[in-house]
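A short worksheet on the structure shown next.
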Amino acid sequence: MSSRRVRVTGLGRPDAGVSRTKKQQQNQGLPRQHQQQQEAGGGGRAGREHAHHLFDELLRRDTTSIFDLNSALSAVASESPAVALSLFNRMPRADLCTYSIVIGCCSRAGHLDLAFAALGRVIRTGWTAQAITFSPLLKGLCHDKRTSDAMDIALRRMPALGCTPNAFSYNILLKGLCDENRSQQALHLLHTMMADDTRGGCPPDVVSYTTVINGLLREGQLDKAYCLFDEMLDQGMSPNCITYNCLLHGYCSSGKPKEAIGIFRKMCRDGVEPDVVTYNTLMVYLCKNGRSMEARKVFDSMVKKGHKPDSSIYGTLLHGYATEGYLVQMHQLLDVMKHAERPWEATIRKRYA
Numbered sequence: 000m001s002s003r004r005v006r007v008t009g010l011g012r013p014d015a016g017v018s019r020t021k022k023q024q025q026n027q028g029l030p031r032q033h034q035q036q037q038e039a040g041g042g043g044r045a046g047r048e049h050a051h052h053l054f055d056e057l058l059r060r061d062t063t064s065i066f067d068l069n070s071a072l073s074a075v076a077s078e079s080p081a082v083a084l085s086l087f088n089r090m091p092r093a094d095l096c097t098y099s100i101v102i103g104c105c106s107r108a109g110h111l112d113l114a115f116a117a118l119g120r121v122i123r124t125g126w127t128a129q130a131i132t133f134s135p136l137l138k139g140l141c142h143d144k145r146t147s148d149a150m151d152i153a154l155r156r157m158p159a160l161g162c163t164p165n166a167f168s169y170n171i172l173l174k175g176l177c178d179e180n181r182s183q184q185a186l187h188l189l190h191t192m193m194a195d196d197t198r199g200g201c202p203p204d205v206v207s208y209t210t211v212i213n214g215l216l217r218e219g220q221l222d223k224a225y226c227l228f229d230e231m232l233d234q235g236m237s238p239n240c241i242t243y244n245c246l247l248h249g250y251c252s253s254g255k256p257k258e259a260i261g262i263f264r265k266m267c268r269d270g271v272e273p274d275v276v277t278y279n280t281l282m283v284y285l286c287k288n289g290r291s292m293e294a295r296k297v298f299d300s301m302v303k304k305g306h307k308p309d310s311s312i313y314g315t316l317l318h319g320y321a322t323e324g325y326l327v328q329m330h331q332l333l334d335v336m337k338h339a340e341r342p343w344e345a346t347i348r349k350r351y352a
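In numbering that gives the first Met the number 0, the protein residues as written are 0 to 352.
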């Protein structure tokens, strides 16, 4: 894609610049510049000054391309959006990739007005934006509880601009709806994705299903969540560990141990390896209901499979022992912790010793 001289009020200024193709850059070989791009991401005042210094060096070189500047800008953006915006204002030339980085910076920093301004420049310049360009803006809107606005952009404005939302775009919307306790609307949107897929649209993925399942569970709609889980299986989708953890937590939180154990067993039968979150969810439920000895069996099973207990796991089991008066077992567990010394374990041992 060709570079163009562009200007967005408060964001950049036009000037002459050098543009080279990515192939030329690879043939030229710029190891020093790539190292500098990685170093430019440092935070703090010293990091900002260092980033500006390295950017100055890139601007002075005749061989520097828009690709190199974008790479440096992206490295800084991941650490400090404010510094990245400052560097952007010094760039002699910008392309669609540049503005995509700027939109991401502004959105993460909470400056959605500037993100919209940058997007407006992209549209007026005539570039065809891709879904990834819109994603940070959609995230920013959803973070500000403006999911309805994000849906308007993704479902109406993006297609009007010749940009089809992808699964990532939809997943942002689904999470935004669920975070606003609008899981029923999220379920409707998910089914819309499925209907559109039959017409060559965007099919939902594991993240799509898991997001809505979790939203339904958080709102206490366990039956709908499990129906969607079954629907997911019928579609040939394989649930991952996060999907099962959501269901497990939902059933445990609702006081349905039979269903929770059933989900755990199905998880193991289907070859999905439980993680620390899975085991901790079970242990928390068991300990809260006076079943710390059963929780210890879960703990032993976890360790046997090679998982390393974290502070939450130890704390859960120790609290269960203390509550039920199993002092001998509690001190035995404290002895186990001594042989796996970590900074937080000393704090926990002091509390229960």
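Ideal Cβ positions, reconstructed from N, Cα and C, are used throughout, including at glycine.
All figures in this text were calculated on a predicted structure; none of them were measured in a lab.
Beta-carbon gap between residue i and residue j smaller than 8 Å
i	j	result
residue 130	residue 165	yes
residue 101	residue 86	no
residue 221	residue 253	yes
residue 336	residue 313	yes
residue 250	residue 241	no
residue 244	residue 218	no
residue 117	residue 139	no
residue 173	residue 210	yes
residue 177	residue 214	yes
residue 162	residue 149	no
residue 168	residue 132	no
residue 259	residue 278	no
residue 275	residue 309	yes
residue 107	residue 54	no
residue 186	residue 216	no
residue 57	residue 71	yes
residue 281	residue 297	yes
residue 203	residue 189	yes
residue 119	residue 146	no
residue 206	residue 238	no
Extent of the continuous alpha helix (DSSP H) run through residue i
i	result
residue 230	221 to 233
residue 138	130 to 142
residue 127	Unbroken run through residue 127: none, as it is neither H nor E.
residue 181	Where residue 181 is concerned, there is no enclosing alpha helix (DSSP H), given that its DSSP letter is neither H nor E.
residue 151	146 to 151
residue 69	65 to 76
residue 80	80 to 87
Coarse secondary structure for residue i, derived from DSSP in three states
i	result
residue 304	coil
residue 325	coil
residue 332	helix
residue 164	coil
residue 284	helix
residue 236	coil
residue 338	coil
residue 207	helix
residue 272	coil
residue 318	helix
residue 218	coil
residue 354	A query on residue 354 cannot be resolved here, the shown segment of the chain reaching from 0 to 352 and no further.
residue 261	helix
residue 294	helix
residue 277	helix
residue 158	helix
residue 62	coil
residue 202	coil
residue 309	coil
residue 109	coil
residue 289	coil
Residue i CB to nearest heavy atom of the ligand MN below 7 Å
i	result
residue 177	No copy of the ligand MN occurs in the structure displayed, which carries no ligand at all.
Given residue i as reference, the closest of the options once Cα atoms are compared
i	options	result
residue 331	265, 317 and 323	317
residue 192	303, 154 and 91	154
residue 110	151, 59, 53 and 135	135
residue 235	213, 223, 163 and 208	208
residue 123	289, 137, 95 and 205	95
residue 324	61, 286 and 266	286
residue 304	212, 327 and 273	273
residue 156	128, 175, 104 and 143	128
residue 223	239, 205, 194 and 184	184
residue 322	290, 307, 338 and 306	290
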